[in-house]
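**Q** The opening position of the sequence shown corresponds to residue 238 in our numbering, with each subsequent residue numbered one higher.
Quick one: the structure is below, and I'll ask about it shortly.
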Amino acid sequence: DISKKSHVTKQFSQYIEIASVKALTRFTMAEEEVVDQGTSIKKSCESHCPKESAAYEACIRRIEKSGEGDCESWYFDFVHCVDHCAAPKIFKNIK
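Dropping the structure here:
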């Protein structure tokens, strides 16, 4: 009787282990299939911000020539414009 219980317990343990591996595999596969749409949407929105992009790039060229300063405010102006364009498109895709 104890031998039979031990055998059943061993089979149950193996079943649990197999089920866990299958669940982990499904989770990993599902995780790999997820694609961040935000990156491509933001990339497409960069063309909607030519003024901000040109100002940021001009700042970068000035910094490269002079060797001092930063372009933080121009960068944030550009990012704000891109985010303003991308946000409605990104939120439309969220389920």
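Built from N, CA and C at the ideal position, the CB exists for glycine as well.
1. Should Phe315 be labelled buried (16 or more other beta-carbon atoms within 10 Å of its own) or exposed?
2. Using the Cβ count rule (16 or more neighbours within 10 Å means buried), how would you classify Glu289?
3. Please list, in chain order, all residues of the same chain as Ile362 whose beta carbon is under 6 Å from its beta carbon, the five residues on each side excluded.
4. So, Cys308 versus Ile297, is the Cβ gap smaller than 8 Å?
5. Would DSSP call Asp320 helix, strand or coil?
**A** Taking the structure as given:
1. Taking the sequence shown and counting its residues from 1, the one referred to as residue 315 is at position 78. When all chains shown are included, Phe315 counts as buried.
2. In the sequence shown, the residue the question calls residue 289 occupies position 52. That one is buried.
3. Nothing about residue 362 can be reported from this structure: the residues present for the chain run from 238 to 332 only.
4. Here residue 308 refers to the residue found at position 71 when the sequence shown is read from its first residue. Here residue 297 refers to the residue found at position 60 when the sequence shown is read from its first residue. Cβ distance < 8 Å, so Cys308 and Ile297 count as in contact.
5. Mapped onto the sequence shown, residue 320 falls at position 83. Residue state, collapsed to three classes: helix.
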